[in-house]
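Colleague: Sequential numbering of the sequence shown, starting at 1, is according to UniProt numbering.
Just so you know, even glycine gets a beta-carbon here, dropped at the ideal spot from N, CA and C.
Because the structure is a prediction, the values reported are computed rather than measured.
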Amino acid sequence: MNYENVKDALKELVALNSPGTTFGKVSTIADSGVKTGERKFEVKDLQESNYELLANVCDLLGLSDIYLDEEEE
């Protein structure tokens, strides 16, 4: 999801990373977009979500080079 402003993106990051947040199951989806099952939520899922949100914040601040440079390394 892309946010329109930094405040909304940061609010989502705080909510995702709050100690009281609990996570259920994650849907597994085939390349065709068909749901094939569910699996336990893992730390990697949180990392991916955080990365997407942080990249969105970088875009909103005009600092896309922060994560684009990282991908080139």
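Take every Cβ of the stretch 48–64, pair it with every Cβ of the stretch 19–33, and state whether three or more of those distances are shorter than 8 Å.
Modeller: The stretch 48–64, when compared against the stretch 19–33, does not touch it at the 8 Å Cβ threshold.
Colleague: How is Glu38 classed by DSSP in three states: helix, strand or coil?
Modeller: Taking the first residue of the sequence shown as 1, we reach residue 38 at position 38. Here Glu38 sits in strand by DSSP.
Colleague: List the endpoints of the continuous beta strand (DSSP E) containing Ser27.
Modeller: The residue given as residue 27 occupies position 27 in the sequence shown. Where Ser27 is concerned, the enclosing beta strand (DSSP E) stretches over 25–29.
Colleague: Would you mind sorting Asn2 into buried or exposed? The rule is 16 or more other CB atoms within 10 Å of its CB.
Modeller: The residue labelled residue 2 in the question sits at position 2 within the sequence shown. Label assigned to Asn2: exposed.
Colleague: Which of the three DSSP states is assigned to Glu48 in this structure?
Modeller: Walking along the sequence shown from the start, residue 48 turns up at place 48. The answer is helix: DSSP assigns Glu48 an H, G or I state.
Colleague: Which term fits Asn17, buried or exposed, when burial requires 16 or more other beta carbons within 10 angstroms of its beta carbon?
Modeller: Residue numbering aside, residue 17 sits at position 17 when the sequence shown is read from its first letter. With fewer than 16 other Cβ atoms within 10 Å, it is exposed.
Colleague: Which word fits Val57, buried or exposed, when buried means at least 16 other C-beta atoms lie within 10 angstroms of its C-beta?
Modeller: Taking the first residue of the sequence shown as 1, we reach residue 57 at position 57. It counts as buried.
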